[in-house]
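Notes follow once the structure below has been shown.
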Amino acid sequence: DGVSAWEILVGSYQAFGNGLQLQCISYKFIIASVSVCCHLLGHMFLSYALCSLEYKVTASVHGTL
C-alpha cells in the first residue's frame, strides 16, 4: 500500500542523505589534509628561501667588508 512505499522513499532518502554526509566529511578531511600539506610545504619552502636569502646577504656583506 501507499504507506510502505512512502516509508521506503523516506528511508532511501535518509540513507542517501547519510551517504552524502559521509562523503562530505571525507571530502572535508581530504581538503583539510591537502591544505595542511600545502601549508607545511609552503612554510618549509619559505624557511628555505629566507635561509638562502639570509646566507646570500651575509655572504655579500662579508664580501664587501
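Taking this note's numbering, the leading residue of the sequence shown gets 47, the next gets one more, and so forth.
All C-beta atoms, glycine included, are put in the ideal place defined by N, C-alpha and C.
Predicted model, so just to flag it, every value in this text is computed and none were measured.
Residue i to residue j span [Cα, whole Å]
| i | j | result |
| --- | --- | --- |
| Val49 | Gly88 | 57 angstroms |
| Phe75 | Phe62 | 20 angstroms |
| Ala78 | Gly65 | 20 angstroms |
Cβ-based neighbour list, residue i, same chain, cut-off 8 angstroms, excluding 5 preceding and 5 following
| i | result |
| --- | --- |
| Ala51 | none |
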